[in-house]
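Protein chains in written order, with our numbering: chain A, 6 to 429; chain B, 9 to 214.
We treat Cβ as the ideally placed atom computed from N, Cα and C, and that holds for glycine.
Following this line, the structure appears as structure tokens:
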């Protein structure tokens, strides 16, 4: 191709072609014409291009058959209706098929997400689930469920130990009413009370800018929500982030607003909530307590009426002491349980965003470089090993799939190529 | 080559004096004669368009007919600002592509390959036959888009801008590719016929 080499020409070869095709404006055309008179090379190119066009002219086709004109005339008169209808019908099929396909795909995509959706159900729904199911099988076991009741807090225990424990909490808890009813001498315990007793626990990890400020905010929030900290640990390590760990007790009714306030402290990193149903446990305890009290009353009556041998009196008194001990133990358990229901427990962890201090002692340059080298070698070995492991693990399956998909794919491709070549 | 857009012509004058665009506008208003006039001007050209691109004459006739049917059907979509020629060849090109797609699918799924065009058998009386055979072979060896460009330029006599519109590529690309395609075609035409045959059979085996 001679023409391609002559990049230095005043007129590019494409311009010569455009001139021959009549695709240039007046000015350009004049310039190219002038150049062609002077430049033998470009004139030769023009001759070659013209030759190609002339040769191609020899490729003639026959006259269009008369039937073509007849058909077109008929079409113009509007006889193409049948044909059009067929087209429309096909289009309906195509669209219908596409929509059906999309629906199927969408349905398949939606299927596996359903159970997950349930797992993320909000707390009210969890409560409903709790009504139906035993606590153990429904919700993540709360890891500090047992601890909550044991935490001693004199203020609340004192209040709960009164005959009417309703005075303790900001709003009268439903448990007190139940307790009264059970105390009325019903032996068989109603195991299906109207409202379930649920001990709620929550745990929250929050990333804060400054732990000290956050602690002040936390205390303010606790005062507002009428909660308190059962335990509080403050950690200030030298070379790490400061953190604060607190075990909080919040009135169950205030839990949501308290959690909201805690979330405001910073960026929430982790949050979980759970509830444990203790209705049956409570009812059982109350029934046993009633029985024990009755027994105690009986024994006392016995002691007051009967005058027997001193041994018998001593035995009865011993019995009374034992029953009394049991009663007190059970009362403590009942109060603990009620406390757990009235006061939700919140495990809070506040972590400060760690900013490394400039002054921290660094290791020597040589050591740093050596350590980096060791780490580098280790990484190289690990990555090579990882590759090897991958090949070992997935190599066979890749080969199998490659054969399963590749061979038919290759056959289809070859067929496609042939078909395409033949279609032209 | 382009029809001169002579506004002085009155719509009522004989069809021969009206521009393609005026005729198309008249057809849009419902004049069947206007389309007949357009067919008179372009019927042979459209038939030639397909005759050079598909294997047999009957198929070319069918596709040409389909092209005019498409114009009849889609008459509402034509806008008077567009040149009728590029509109027509744009539709013809789409019809051709649709046909190729269908033929490809049929060949893929039935495994039946349509036999490669051997125009000699059916058009043995045509004058341009022998030259046509060699030319068709040479043109057929070009890359598909290059082939279309050469054909549209040489036989349909479209301008670069019109080719660009029909093929949906930039005008500059048309110029540079068309140039390269023509140079390649020159090489192919000067190459000995035996050579070409050899290359073709080698290609068939590959």
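#1: Just tell me which of A/271, A/96 and A/233 has its CA closest to the CA of residue 348 of chain A.
#2: Is residue 251 of chain A buried or exposed, if buried means 16 or more other CB atoms sit within 10 Å of its CB?
#3: Residues of chain A with a CB under 9 Å from the CB of residue 97 of chain B: which are they?
#4: Comparing alpha-carbon positions, which option in A/284, A/21, A/301 and A/333 lies nearest residue 55 of chain A?
#5: How is residue 347 of chain A classed by DSSP in three states: helix, strand or coil?
#6: Indicate whether the contact test is met: 3 or more Cβ pairs, each with one atom in the region 34 to 43 of chain B and one in the region 51 to 69 of chain B, closer than 8 Å.
#7: From the beta carbon of residue 96 of chain A, is the nearest beta carbon of chain B less than 9 Å away?
#8: Select from A/230, A/286 and A/210 the residue whose C-alpha is nearest the C-alpha of residue 249 of chain A.
#9: Starting from residue 73 of chain B, follow the alpha helix (DSSP H) in both directions and report where the run begins and ends.
#10: Here's a check: name, in chain order, each residue in its chain whose Cβ is nearer than 8 Å to the Cβ of residue 35 of chain B, leaving out the five neighbours to either side.
#11: Could you tell me the alpha carbon to alpha carbon distance between residue 5 of chain B and residue 94 of chain B, rounded to whole angstroms?
#12: For the beta strand (DSSP E) that contains residue 210 of chain A, what are its first and last residues?
#13: Using a 10 Å radius around the Cβ and a threshold of 16 neighbouring Cβ atoms, would you call residue 62 of chain A buried or exposed?
#14: Jot down the residue ranges of each uninterrupted beta strand (DSSP E) in the region 213 to 284 of chain A, minimum 3 residues, whole runs only, in chain order.
#15: Figure out for me which residue from A/205, A/71 and A/219 has the closest Cα to the Cα of residue 279 of chain A.
#16: Thinking just about the alpha-carbon of each residue, which of A/287, A/254, A/272 and A/241 is nearest to the one in residue 202 of chain A?
#17: Please state if the CB of residue 328 of chain A and the CB of residue 297 of chain A are separated by a distance shorter than 9 Å.
#18: Please report the Cβ distance between residue 143 of chain B and residue 64 of chain A, rounded to the nearest whole angstrom; I am assuming they are in contact, meaning their Cβ atoms lie under 8 Å.
#19: Mind listing the chain B neighbours of residue 18 of chain A? Cutoff is C-beta to C-beta under 8 Å, in chain order.
#20: What is the C-beta distance between residue 19 of chain A and residue 187 of chain B, in whole angstroms, given that I count them as a contact (C-beta under 8 Å)?
#21: Looking at the C-beta of residue 73 of chain A, does it have a partner C-beta in chain B at a distance below 9 Å?
#22: Run through chain A and tell me which residues come within less than 7 Å of residue 59 of chain B, C-beta to C-beta.
#23: If we count Cβ pairs, one from each stretch, closer than 8 Å, do we get three or more for the region 258 to 269 of chain A versus the region 207 to 227 of chain A?
#24: Taking only beta carbons into account, state which residues of the region 14 to 43 of chain A come closer than 7 Å to chain B, listed in chain order.
#25: How is residue 154 of chain B classed by DSSP in three states: helix, strand or coil?
#26: Counting only C-beta atoms, is residue 77 of chain A closer than 9 Å to chain B at any point?
From the atom records:
#1: As a first step, residue 348 of chain A must be located in the first chain, where it is residue number 343. If we check each option's Cα against that of residue 348 of chain A, A/233 comes out closest.
#2: Indexing the first chain from 1 puts residue 251 of chain A at position 246. Per the 10 Å Cβ criterion, buried.
#3: One-based indexing of the second chain puts residue 97 of chain B at position 89. Simply none; closest approach about 16 Å.
#4: Along the first chain, one-based indexing puts residue 55 of chain A at 50. Considering only alpha carbons, the answer is A/21.
#5: Counting from 1 along the first chain, the entry for residue 347 of chain A is found at position 342. Helix.
#6: no
#7: Looking up residue 96 of chain A in the first chain gives position 91. No, its Cβ sits nowhere closer than 9 Å to a Cβ of chain B.
#8: Within the first chain, numbered from 1, the residue matching residue 249 of chain A stands at position 244. Nearest option by C-alpha distance: A/210.
#9: Residue 73 of chain B sits at position 65 when you count from the first residue of the second chain. Where residue 73 of chain B is concerned, the enclosing alpha helix (DSSP H) stretches over 65 to 81.
#10: The residue you call residue 35 of chain B lines up with position 27 of the second chain. Excluding sequence neighbours, residue 35 of chain B sits near 42, 43, 46 and 83.
#11: The requested residue 5 of chain B is not part of the displayed model; chain B covers only 9 to 214.
#12: Here residue 210 of chain A refers to the residue found at position 205 of the first chain. Residue 210 of chain A -> beta strand (DSSP E) spans 203 to 213.
#13: Residue mapping note: residue 62 of chain A aligns to position 57 of the first chain, counting from 1. Exposed, because fewer than 16 other Cβ atoms sit within 10 Å of the Cβ of residue 62 of chain A.
#14: 233 to 240, 248 to 256 and 272 to 282
#15: As a working mapping, residue 279 of chain A is identified with position 274 in the first chain. For the residues A/205, A/71 and A/219, the minimum Cα distance to residue 279 of chain A belongs to A/205.
#16: Looking up residue 202 of chain A in the first chain gives position 197. Closest by alpha carbon: A/287.
#17: The residue labelled residue 297 of chain A in the question sits at position 292 within the first chain. The residue labelled residue 328 of chain A in the question sits at position 323 within the first chain. In contact: residue 297 of chain A and residue 328 of chain A (Cβ atoms closer than 9 Å).
#18: Working through the second chain from its first residue, we reach residue 143 of chain B at position 135. Working through the first chain from its first residue, we reach residue 64 of chain A at position 59. With 8 Å as the limit, residue 143 of chain B and residue 64 of chain A qualify as a contact, their Cβ atoms being about 4 Å apart.
#19: In the first chain, counting from the first residue as 1, residue 18 of chain A sits at position 13. By Cβ distance, chain B contributes 187.
#20: Residue mapping note: residue 19 of chain A aligns to position 14 of the first chain, counting from 1. Residue mapping note: residue 187 of chain B aligns to position 179 of the second chain, counting from 1. About 5 Å separates the two Cβ atoms, so the contact holds.
#21: Numbered from its first residue, the first chain carries residue 73 of chain A at position 68. For residue 73 of chain A, the answer is yes, since a Cβ of chain B falls inside 9 Å of its Cβ.
#22: As a working note, residue 59 of chain B is residue 51 in the second chain. 66, listed in chain order.
#23: yes
#24: 18, 19, 22, 23, 26 and 28
#25: Within the second chain, the letter at position 146 stands for residue 154 of chain B. DSSP places residue 154 of chain B in helix when its eight states are reduced to three.
#26: On the first chain, position 72 is the one that residue 77 of chain A refers to. Yes, its Cβ sits closer than 9 Å to a Cβ of chain B.
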